[in-house]
Amino acid sequence: MTASGEDVKPDVSSKVRIIVQFNDTKLTFLTKRNKPLAKLLDTFCEKIGVDKNSNIETVKFNFDGANVTPDATAEDLGIEDDDEVIDGQIFQEGGHLI
């Protein structure tokens, strides 16, 4: 509320709804356009039960063919509200079964 008694609403335009998908799982997140995506990506990994820091599996995220790094923001990537999807992929590095 301002000094004149008017209600001040948060600036909704500063937030963006991002859809992250992996296989058949799609989760929607609301985040600030200029906030790094690290926490969002970590939360997604937790929700799908993947340890993104595992030595065996590496989780990669892509948007429009570009690698999404944890320090990237929605603004950096040009993500618009609801119509953009970040794809998650798991890569196994090395090793084989004996």
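Note that the sequence shown covers residues 1 to 98 in the UniProt record's numbering.
Virtual Cβ for every residue (Gly too), placed ideally from N, Cα, C.
query: D87 (DSSP reduced to helix, strand or coil); result: strand
query: CB of T31 within 9 Å of CB of A72, strictly; result: no
query: Whether residue 117 touches L37 by CB criterion (9 Å); result: Nothing about residue 117 can be read from this structure; the chain reaches only from 1 to 98.
query: Status (buried if at least 16 other CB within 10 Å, exposed otherwise) for G65; result: exposed
query: Residue from L27, R17, G88 and F61 with nearest C-alpha to R33; result: R17
query: Same chain, Cβ closer than 7 Å to D81, neighbours up to 5 away in sequence not counted; result: V16 and R17
query: Nearest candidate by alpha-carbon position, reference F91, set V20, F63, D51 and V85; result: D51
query: Status (buried if at least 16 other CB within 10 Å, exposed otherwise) for G49; result: exposed
query: Alpha-carbon spacing of D87 relative to L41, whole angstroms; result: 11 Å
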